[in-house]
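S.K.: Please see the structure below; I have some questions.
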Amino acid sequence: MTVSAESVLQEVAAPPNVRAAGLRRFVTTFHRHLLGMIGAVMLALVLVSAVFAPWIAPYDPVKIDPINLLEPPSGAHLLGTDGLGRDVFSRIVYGTRISLYSGFIVVSISMVLGTVIGLVAGYVGGFVDSLLMRCMDALLAFPGLILALAITAALGPSLTNALLAIAILSLPGAARIVRGETLSLRERDFVTAERVIGGGGSRIIFRHILPNTLAPVIVIASLRVGGAVLVETGLSFLGLGVQPPTPSWGSMVNEGARFLERAPWIAMASGGAIFITVLGANFVGDAVRDILDPRLRGQ
Amino acid sequence: MTTYIIRRLLMMVPVMLLVTMVLFALREATPGDPAVVAIGLETDLNRDEYQETLRRVRALYDLDKPLPLQYALWVGRAFTGDLGRSYRSNQPVREAIVERMAVTMELGMASLILSWIIAIPAGVIAAKNRNKIQDVLANFFGLLGLSVPNIWLAFVLILLFSVKLGWFPPSGYVPFSKDPLDNIKSLMLPVITLGTSAAAGLMRLTRSALLEVIGQDYMRTAQAKGLRARVVLWRHGMRNAMIPIVTLIGLELGGLLGGAFIMEQIFSLPGMGKLAVDAIYARDYPIVQGVLLLATLMYLFANFAVDLVYGVLDPRIRYG
Amino acid sequence: MTRAAEPYLSRVTRGAVSRRGIVRGGVMSAGAAAFLAACSSSSDSKSENRATQDTSARAPGATATAAASEVKAGGELIYATARDATTLDGHVGTLGDEVFVYNGLYDQSLIFNDEAQLIPNLAESFEQPDNTTIVFKYRAGVQFHDGTPFNATAAKANWDRYLNPATGTTGAASLSRKLAKYEQVDDRTMRVTLVQPDAIALASIAGIRMISPPAAERLGKDLARNPVGSGPFKFKEWLKDDHLTMTRNEQYWNAAKAPVRVPRVDTFTYKPIVEPTVMLANLKTRSIHIAGAVQAADFDRVKTEQGVVAVQRRPSSTSRMYINLTKAPTNDKRVREAINLAIDRDAIGKASYFGLGTPAKSYFAPTHWMYPKDRPAFRRDVTAAKAKLREAGQENLRLDMILPAAEPYRTIAQVLQASLAEAGITVQIKQLESSQFLEALRNKDGQLALDAIGARNDPDGFFSGNFKADSAFNFAGFNDPQFEKALADGLTLTNQEQRRQIYLLAEQRLLDELPGAVLYNPPGLYAQLDEVQDYKVIDFVGATIDLAWLKKS
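Chains A, B and C supply the protein sequences, listed in that same order.
Quick note on numbering: the first sequence equals residues 241 to 539 in the numbering used here.
Quick note on numbering: the second sequence equals residues 312 to 631 in the numbering used here.
Quick note on numbering: the third sequence equals residues 3 to 555 in the numbering used here.
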């Protein structure tokens, strides 16, 4: 699972020269991006489903019905039923919660921690920097899935633990970018000026450096959401992650694979849901990057 | 240059030690005892006999020694090339890894090469025709490829190309030495699955890296000088764009193992990914440690190779 | 679904074979072969009804032996299953589907016939001068795959190795406890003395697989990957997780046991395929001959597949749940009774097995001679369950259920969760990977635990592992003097009717005190290509891979 590699590639291509655009300018430019808008609509759909799930879903997603197992889509069940007779459509709708939760947890933990590590490494420099970066290197060297397995084995199978594992794997990317930013910002005039006035380290970090690292971090974050959902799928496929009977798209893909010939609607529905969400997230991430990075906007 | 190489090789050692130490530490943190797994649900034994058997098996695996000692023993033996024996099958770990390395390497390399073949030209075309239809399509398909769940794609491909059309075998691996054509056929579906998302990511990276380079002054200078567009693009543009691309390739090489595992499971390929994960579940530590060591080595060497390539691509970077 | 870690218990749902320690099936006994040969050929019925219904463990059903003249030798038989073997050392292996491999490679002193009786294999006769002594008389003219002759010396060497702690045999400790001594009487005779009469110990020692002593000596740890036995097949090669190949042993001592010499195929290949969908795909594309297990969900479609025979065997395993007597609130008998009343066995059958198989009504499996055919099935009664809970003052229970992180447990757990919820019991499902599940089971971590038990020959096998007071995996913490006495007595009896009475008594204690509940008997489902002939799976014995042959059309 090349989540780390994937994301690092995005980071490498999103050079640390991103300017934080004002919010209004951001919104006006955003809506000129067709794909970005489409992606935003897709994500909005997911968000609405997550929030209003109890009203949108026609059935209880965990109620089993041994009479109506693996029913094909029909008037009664829009997307058919699964191996335990549960309504697939309702499970997809409730599954949005797990997916959004996954994306949010992974991205926020890895971004926050990664930023902290990057800031410290970049600002303090020297031995601390070396040590932290070696650790990040070591983390990247770990085959991702295996580390995720080990962590979930250690902490017990649950969604949060699985997500924690994925978040840890995503650290190096954010850390590296933030460190790069910090290093270059450290030498800039306004920092020197602050020092001359007598401002301390933390003031420098919080007032000057941090805000300037936010933009690239946001770019990375928006590009990571999709990846987080995909990795959650993989972990659920292996049985780690969400425990039954909670509906998650990942475990539905798992079930869908088992019944692929007999009941293809399960795999199609869950695969499709994942696809749409990740695609939407990627569209949005792309647009965000295009906007925040002036160098890529036209020649 | 030689000093640089030696320095880099030496620096690999602390990283490897760090990684393997973390693994040993994880062993302690992770619940689950290889001896328990080995004995299984042996219901013939009463409680005392079970404890006795447990003790015996743990001694057999050296698990009764203090952890630092176990680590030191392992590292010492590893230096001589002895990675121990699997708890479950007693197979020498090195042999187990070598047996399966070919499969994972072939799967990984083939996926990467497929992704390069698709992605780099596509990325170049997209960058050249910025905002025109080729670019939009390429970008769209790129995002599409990134968004498809691997697992789902794998099963769909099996159903379509294997069961319905019969073009490829649904699973299993045929070594190249046994039958080259069958070998290619047996890997086709997993390679397509893995290659798709890799290609998507690489294509977008190529495009954006190239675009960034195109905007640079030296490109305009080259154009102003009257050089043909193609020369400008390839000799000046690509060469510099290659740096991030090569970085990615280096990272992907290192990350082969994890991505391949699920494919190995679905397509029943006897590769290292499956070996490692089965070993984790059974707490077969010698295997896990051996595979991890290899993965780390692969990653470090890949990085090293990438850095050397940097030296070739960018004359400003000189080592020594 | 951690297919990578599909546990030892997976074979239960395959309905394949029994667990080590109690039963060591040989591939085929002389008695069973003769029995099969006596059946009239009825291959016509196959074309009418693709799914053969195995109504008993003994009846070969529609695919009976064809006339000797039709049997064609040669070819490669490919058998697919979910898990690969972990070791090929006949003394160490924990058994799963790999028992097929062991039965192909190794012989034993005695084996079980399809009527669950011990009959000669390497030992051409055995006698019991008194109820603690057995004398094995081994046949002459047998050699191992490496040419070493087999005799009583070799047998003794094998028993020594099996019981030696350094070998790593996990069942050795308990067998050692039951053995007083064993000695070689002469070149072809071994005498064994037990501490007390014990039917299981007899079966265990008779079932020790015979490995060539010089090979074991020479190979040491590498024996696990280079087995040398005396069975119908010789080991050729093993690429873990890919394939394991065995070839015909031309010097097989029992080659003449059937009209056409055995084994019939040239090569037997054992292929692990983890994903059921992929295994079926392989069957359909004719890349394998036998799919060792078919999911209930796919069974209907497999039945209608051209050129494929789908087989449904009578259930020989039982899925069950243990209830912890040592933890509140399940320490209250009324709570346990309520749980038993609230279980919806039919729902489990429908959800997990699409209605195939039978709801369990006894700790014994339907194919076992102790199965109480006439006993009424459990009746679900949610109202009574709620009443019991009210009586116990526990109207809103929360219970923890542990289970291995795999099918069918996952589905069963969810059905149980839903059924018990109707009685006001909230069940928290905790899927654990195998190493953690084993620990949790031993440590009684939770109130409910799911398990399954495969075909057992001896009735004791259904109880002792999990309900005896001093057993290592007694999750329920059951400790009942009447039960203990019944089990102890049962081991020493030889009269089947007496044993029946005693074990029914033991079972009654379980049914009264409810340290567990029986859930369902899964069907044994597998599929094969129609060109495979004379392949049968027989409880306690194994599969007839030596008799099987491929009909070329």
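We put the CB at the ideal spot given by N, CA and C, even for glycine.
Please report the straight-line C-alpha distance between Ser348 (chain A) and Met574 (chain B), rounded to a whole angstrom.
M.R.: On the first sequence, position 108 is the one that residue 348 (chain A) refers to. On the second sequence, position 263 is the one that residue 574 (chain B) refers to. Distance between the alpha carbons of Ser348 (chain A) and Met574 (chain B): 29 Å.
S.K.: Is the segment 504 to 522 of chain A touching the segment 488 to 495 of chain A in the sense that three or more CB pairs, one from each, lie closer than 8 Å?
M.R.: The segment 488 to 495 of chain A is in contact with the segment 504 to 522 of chain A.
S.K.: For Lys303 (chain A) versus Arg326 (chain A), is the C-beta distance shorter than 8 Å?
M.R.: The residue you call residue 303 (chain A) lines up with position 63 of the first sequence. The residue you call residue 326 (chain A) lines up with position 86 of the first sequence. For Lys303 (chain A) and Arg326 (chain A), yes; Cβs fall inside 8 Å.
S.K.: Out of B:Thr341, B:Ser579, B:Tyr361, point me to the one whose CA is closest to Pro480 (chain B)'s CA.
M.R.: Indexing the second sequence from 1 puts residue 480 (chain B) at position 169. The residue with the shortest Cα to Cα distance from Pro480 (chain B) is B:Ser579.
S.K.: Give me the chain C residues within the contact set of Phe487 (chain B), using Cβ-Cβ distance strictly less than 7 Å, ordered along the chain.
M.R.: Indexing the second sequence from 1 puts residue 487 (chain B) at position 176. Correct list: empty, because the minimum Cβ distance to chain C is about 14 Å.
S.K.: To the nearest angstrom, how far is it from the Cα of Val103 (chain C) to the Cα of Ser289 (chain C)?
M.R.: As a first step, residue 103 (chain C) is located in the third sequence; it is residue number 101 there, counting from the start. As a first step, residue 289 (chain C) is located in the third sequence; it is residue number 287 there, counting from the start. Each residue's Cα considered, the two are about 19 Å apart.
S.K.: With DSSP as the reference, please indicate the residues paired to Gly518 (chain C) in a beta bridge.
M.R.: Against the third sequence, residue 518 (chain C) aligns to sequence position 516. Gly518 (chain C) pairs with C:Tyr324.
S.K.: For Arg396 (chain B) and Leu384 (chain B), I'd like the C-alpha separation in whole angstroms.
M.R.: Start at 1 with the first residue of the second sequence, and residue 396 (chain B) comes out as number 85. Start at 1 with the first residue of the second sequence, and residue 384 (chain B) comes out as number 73. Each residue's Cα considered, the two are about 13 Å apart.
S.K.: How about Tyr299 (chain A): is its Cβ closer than 7 Å to a heavy atom in the ligand COA?
M.R.: Among the ligands in the structure shown, none appear at all, so the ligand COA cannot be discussed.
S.K.: Since Ser127 (chain C) is in the beta strand (DSSP E), which residue starts that stretch and which ends it?
M.R.: Position 125 of the third sequence, counted from the first residue, corresponds to residue 127 (chain C). Its beta strand (DSSP E) spans residues 125 to 132.
S.K.: Glu501 (chain A) touches chain B at which residues, Cβ-Cβ below 9 Å?
M.R.: Taking the first sequence and counting its residues from 1, one reaches residue 501 (chain A) at position 261. Leu470, Val474, listed in chain order.
S.K.: Kindly indicate if chain C contains any beta-carbon less than 8 Å away from that of Asn357 (chain B).
M.R.: Taking the second sequence and counting its residues from 1, the one referred to as residue 357 (chain B) is at position 46. Judged by the 8 Å Cβ criterion, Asn357 (chain B) is in contact with chain C.
S.K.: For the structure I just gave you, are there three or more beta carbon pairs, one from the segment 305 to 319 of chain A and one from the segment 332 to 341 of chain B, closer than 8 Å?
M.R.: No, because fewer than three Cβ pairs between the segment 305 to 319 of chain A and the segment 332 to 341 of chain B fall closer than 8 Å, the two stretches do not touch.
S.K.: Thinking Ala449 (chain B) and Ile429 (chain B) are a contact (beta carbons under 8 Å), I'd like their distance in whole angstroms, please.
M.R.: On the second sequence, residue 449 (chain B) is found 138 positions in, with the first residue counted as 1. On the second sequence, residue 429 (chain B) is found 118 positions in, with the first residue counted as 1. The pair is not a contact, with the Cβ atoms about 10 Å apart (cut-off 8 Å).
S.K.: If I measure Cβ to Cβ from Asp618 (chain B) and keep anything under 6 Å in the same chain, skipping five residues before and after, which residues do I get?
M.R.: If you number the second sequence from 1, residue 618 (chain B) lands on position 307. For Asp618 (chain B), where only same-chain residues beyond five positions count, there are no Cβ hits under 6 Å.
S.K.: So with CB distances below 8 Å, who are the chain C contacts of Glu360 (chain B)?
M.R.: Taking the first residue of the second sequence as 1, we reach residue 360 (chain B) at position 49. The contacting residues are Ala175, Ser176, Arg179, Ala474.
S.K.: Take Gly520 (chain A) and list the residues in its own chain whose beta-carbon comes closer than 6 Å to its own, dropping the five residues that flank it on each side.
M.R.: Taking the first sequence and counting its residues from 1, the one referred to as residue 520 (chain A) is at position 280. Same-chain partners within the cutoff: Gly279, Met282, Leu283.
S.K.: Pick out whichever of C:Lys388, C:Tyr411, C:Asp453 has its Cα sitting closest to the Cα of Leu559 (chain C).
M.R.: Nothing about residue 559 (chain C) can be read from this structure; chain C reaches only from 3 to 555.
S.K.: Excluding sequence positions up to five away, which residues of its chain have a Cβ less than 6 Å from the Cβ of Arg337 (chain A)?
M.R.: Numbered from its first residue, the first sequence carries residue 337 (chain A) at position 97. Excluding residues within five positions, the ones whose Cβ falls inside 6 Å are Ala290.
S.K.: Which two residues bound the contiguous beta strand (DSSP E) that contains Ile408 (chain A)?
M.R.: For the purposes of this step, residue 408 (chain A) is taken as residue 168 along the first sequence, with counting starting at 1. Note, Ile408 (chain A): premise wrong, no beta strand (DSSP E); alpha helix (DSSP H) at 399 to 426.
S.K.: So the candidates are A:Arg498, A:Ile506, A:Pro487, A:Ala497; which of them puts its Cα closest to the Cα of Ala293 (chain A)?
M.R.: For the purposes of this step, residue 293 (chain A) is taken as the residue at position 53 of the first sequence. If we check each option's Cα against that of Ala293 (chain A), A:Pro487 comes out closest.
S.K.: Give me, in chain order, the residues of the same chain whose beta-carbon lies closer than 7 Å to that of Leu356 (chain B); leave out the 5 immediate sequence neighbours on both sides.
M.R.: One-based indexing of the second sequence puts residue 356 (chain B) at position 45. So the qualifying residues of the chain are Thr364.
S.K.: Roughly how many angstroms separate the alpha carbons of Leu404 (chain A) and Glu472 (chain A), rounded to a whole number?
M.R.: On the first sequence, position 164 is the one that residue 404 (chain A) refers to. On the first sequence, position 232 is the one that residue 472 (chain A) refers to. C-alpha separation (whole angstroms): 11 Å.
S.K.: Can you tell me which of the three DSSP states Pro403 (chain B) falls into?
M.R.: In the second sequence, counting from the first residue as 1, residue 403 (chain B) sits at position 92. Strand, per DSSP.
S.K.: Which bits of chain B does Gly170 (chain C) rub up against, with CB to CB less than 7 Å?
M.R.: The residue given as residue 170 (chain C) occupies position 168 in the third sequence. Within chain B, the residues near Gly170 (chain C) are Val368, Leu371.
S.K.: Using the three-state DSSP reduction, which class does Leu1 (chain C) fall into: helix, strand or coil?
M.R.: Residue numbering for chain C in the displayed model covers 3 to 555; residue 1 (chain C) lies beyond these limits and cannot be assessed.
S.K.: When you compare the CB positions of Lys432 (chain C) and Gly456 (chain C), do they come within less than 8 Å of one another, or not?
M.R.: For this step, residue 432 (chain C) is matched to residue 430 along the third sequence. For this step, residue 456 (chain C) is matched to residue 454 along the third sequence. Cβ distance not < 8 Å, so Lys432 (chain C) and Gly456 (chain C) don't count as in contact.
S.K.: Would you say Ile437 (chain A) reaches chain C, if we count a Cβ-Cβ gap shorter than 8 Å as a contact?
M.R.: Taking the first residue of the first sequence as position 1, residue 437 (chain A) is located at position 197. Chain C contact via Cβ: absent.
S.K.: For the segment 408 to 435 of chain B, which residues have a CB atom closer than 8 Å to at least one CB atom of chain E, in sequence order?
M.R.: This model lacks chain E altogether, as its protein chains are A, B and C.
S.K.: Is the beta carbon of Arg190 (chain C) closer than 8 Å to that of Ala156 (chain C)?
M.R.: In the third sequence, counting from the first residue as 1, residue 156 (chain C) sits at position 154. In the third sequence, counting from the first residue as 1, residue 190 (chain C) sits at position 188. For Ala156 (chain C) and Arg190 (chain C), no; Cβs fall outside 8 Å.
S.K.: Between which two residues does the beta strand (DSSP E) harbouring Tyr382 (chain B) extend?
M.R.: Walking along the second sequence from the start, residue 382 (chain B) turns up at place 71. Looking at the DSSP string, Tyr382 (chain B) is not in any beta strand (DSSP E); the run it does join, the alpha helix (DSSP H), is 378 to 390.
S.K.: Quick one, are the C-beta atoms of Leu450 (chain C) and Met323 (chain C) less than 8 Å apart?
M.R.: In the third sequence, the residue the question calls residue 450 (chain C) occupies position 448. In the third sequence, the residue the question calls residue 323 (chain C) occupies position 321. In contact: Leu450 (chain C) and Met323 (chain C) (Cβ atoms closer than 8 Å).
S.K.: Determine the extent of the beta strand (DSSP E) in which Gln314 (chain C) is found, giving its start and end residues.
M.R.: As a working mapping, residue 314 (chain C) is identified with position 312 in the third sequence. 310 to 315 is the span of the beta strand (DSSP E), which, as asked, contains Gln314 (chain C).
S.K.: Here's a check: name, in chain order, each residue in its chain whose Cβ is nearer than 7 Å to the Cβ of Pro517 (chain C), leaving out the five neighbours to either side.
M.R.: Your numbering for residue 517 (chain C) matches position 515 in the third sequence. Excluding sequence neighbours, Pro517 (chain C) sits near Tyr324, Ile325, Leu327, Phe469, Ala478, Phe480.
S.K.: Tell me the rounded alpha-carbon separation between Pro266 (chain B) and Met514 (chain B).
M.R.: Since the first residue of chain B shown is 312 and the last is 631, residue 266 (chain B) is not available in this structure.
S.K.: DSSP state of Val304 (chain C), grouped into three classes?
M.R.: Mapped onto the third sequence, residue 304 (chain C) falls at position 302. In this structure, Val304 (chain C) counts as helix in the three-state DSSP scheme.
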